[in-house]
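A.B. asks: Okay, so the sequence shown: first residue is 256 according to my numbering, each after it adds one.
Each residue gets a CB set at the ideal place from its N, CA and C atoms; glycine is no exception.
All of these numbers come straight from a predicted model, not from anything done at the bench.
One structure, as structure tokens, below. Some questions next.
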Amino acid sequence: MTTETQATETEPERKTETKTETETKTREEGDPPAKVEPYTCNGKKLSALRGPRGAKVTVRPSIVEPGQRFEVRVVGVSEARVNLAGVSDKPFGAEAKPDGNDAVASLTMPANAPCGNKLITVEGEISDQASIAVGTRP
Numbered sequence: 256m257t258t259e260t261q262a263t264e265t266e267p268e269r270k271t272e273t274k275t276e277t278e279t280k281t282r283e284e285g286d287p288p289a290k291v292e293p294y295t296c297n298g299k300k301l302s303a304l305r306g307p308r309g310a311k312v313t314v315r316p317s318i319v320e321p322g323q324r325f326e327v328r329v330v331g332v333s334e335a336r337v338n339l340a341g342v343s344d345k346p347f348g349a350e351a352k353p354d355g356n357d358a359v360a361s362l363t364m365p366a367n368a369p370c371g372n373k374l375i376t377v378e379g380e381i382s383d384q385a386s387i388a389v390g391t392r393p
């Protein structure tokens, strides 16, 4: 987009924007937009649970497939223990390592993890919770 500035003696300065050639071209019919299939659990669409804005614990990505890696970031602490519930009979977790002002733990969802939303608990300088969803793509 290009911006032009115009001003006269009687009017204040005003800006007008003109779209460039690449912004006005339409997508060719042979090149459809990429479509991403939603994650499913037992044949139903799976949605991730979202925490409150400004939460101390974030999970990226919020939905994973069994065997996929994910990251848990705890804001404003230097160490934390991250535990994942509902995926195994044995305790499953990791120690978060310092990353700037935060602590970060990288985990891999077990290959045999059942689908659905799972609870993540954080212990250490703070105690908090988050969630991650486990699903598959068709």
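Quick check: what's the CA-CA separation for T363 versus R308?
C.D. replies: 25 Å
A.B. asks: Taking only the alpha-carbon atoms, compute the straight-line gap between V329 and T391 and give it to the nearest angstrom.
C.D. replies: 27 Å
A.B. asks: Can you tell me which of the three DSSP states V330 falls into?
C.D. replies: coil
A.B. asks: Would R366 be called buried (16 or more neighbouring beta carbons within 10 Å of its own) or exposed?
C.D. replies: Inspection of the sequence shows that residue 366 is occupied by Ala rather than by Arg. Answer is exposed; the Cβ neighbour count stays below 16.
A.B. asks: With C-beta atoms as the reference, is G341 less than 9 Å away from A358?
C.D. replies: no
A.B. asks: Just confirm the distance between the C-beta atoms of S343 and I387, as a whole number of angstroms; I'd bet it's less than 8 Å.
C.D. replies: Not quite, the Cβ-Cβ distance comes to about 14 Å (not below 8 Å), so this is no contact.
A.B. asks: Whose CA, out of N297, Y294, A303 and G322, lies closest to the CA of L374?
C.D. replies: A303
A.B. asks: Looking at C-alpha atoms only, which residue of G298, K300, K352 and A310 is the closest neighbour of Q384?
C.D. replies: A310
A.B. asks: Starting from T391 and walking both ways along the beta strand (DSSP E), at which residues does that stretch end?
C.D. replies: No beta strand (DSSP E) holds T391; DSSP gives it neither H nor E.
A.B. asks: Suppose you measure from the CA of F347 to the CA of P369; what does that come to, to the nearest Å?
C.D. replies: 14 Å
A.B. asks: In or out: V337 buried (at least 16 other Cβ within 10 Å) or exposed?
C.D. replies: By the 10 Å Cβ count, V337 comes out buried.
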